[in-house]
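Reviewing the structure listed below.
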């Protein structure tokens, strides 16, 4: 082998090494993005599950309060029917007081502003928890797609080092940009795209 051929091979090796370093840097950047999207995804998934449990609990409490209110209201209605057949004035007064108490209790079960535990307040709280759950779920789906794009990008960039096919690195870069866009959408506009 001539000195010129040796120098050409050395130049090619230097160029390949330089390209490989750039690809390795690309892989490191993509891995960083992947770690971020995975962390955000796990947080969103945990939030979604937590808000789903909260909404379920609030709806169960709502149902219990509704049943109690219905039972008390039914008792008050039956008391009103019995009021006409009550014997003396003392019995009528006692029954009327009980009817009033039942109606007051039924009204309290419907709306308890102080505690936020009336059926009206529970319904609103449950709906808020459902909205928060849906938002977290939408974020989660965006982060999952971003993670997939980053993972495929890492594979393609790695394949570039092995095969020397440079277009794979370009596709990897495009996937990285797509992953960054999906992560940003998950953070700031999770309902822009309907992914589920």
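Numbering (the numbering used here), first residue to last: 60 to 255. For each residue, glycine too, the CB sits at the ideal point set by N, CA and C. No experiment lies behind these values; they were computed from the predicted model shown.
For the putative contact between residue i and residue j, defined by C-beta atoms under 8 Å, what is the C-beta separation to the nearest angstrom?
i, j, result
"residue 107", "residue 195", "4 Å"
Mind checking whether residue i and residue j have CB atoms under 9 Å apart?
i, j, result
"residue 128", "residue 165", "yes"
"residue 252", "residue 244", "yes"
"residue 161", "residue 141", "no"
"residue 85", "residue 228", "yes"
"residue 202", "residue 248", "no"
"residue 113", "residue 197", "no"
"residue 220", "residue 83", "yes"
"residue 126", "residue 139", "no"
"residue 175", "residue 124", "no"
"residue 17", "residue 215", "Outside the displayed span of the chain (60 to 255) sits residue 17, for which this structure offers no information."
"residue 100", "residue 199", "yes"
Quick check on this structure: which residue in the options has the alpha carbon closest to the alpha carbon of residue i?
i, options, result
"residue 120", "179, 242, 101 and 109", "179"
"residue 232", "217, 246 and 221", "217"
"residue 210", "96, 80 and 61", "96"
"residue 182", "110, 88 and 118", "118"
"residue 79", "236, 246, 224 and 143", "224"
"residue 132", "163, 172 and 61", "163"
If you measure from the CB of residue i, is any heavy atom of the ligand NAP nearer than 8 Å?
i, result
"residue 141", "With respect to the ligand NAP, the structure offers nothing, as it holds no ligand at all."
Would you check if there are 3 or more beta carbon pairs closer than 8 Å linking the segment 84-97 to the segment 206-214?
-> Yes, since at least three Cβ pairs between the segment 84-97 and the segment 206-214 fall closer than 8 Å, the two stretches touch.
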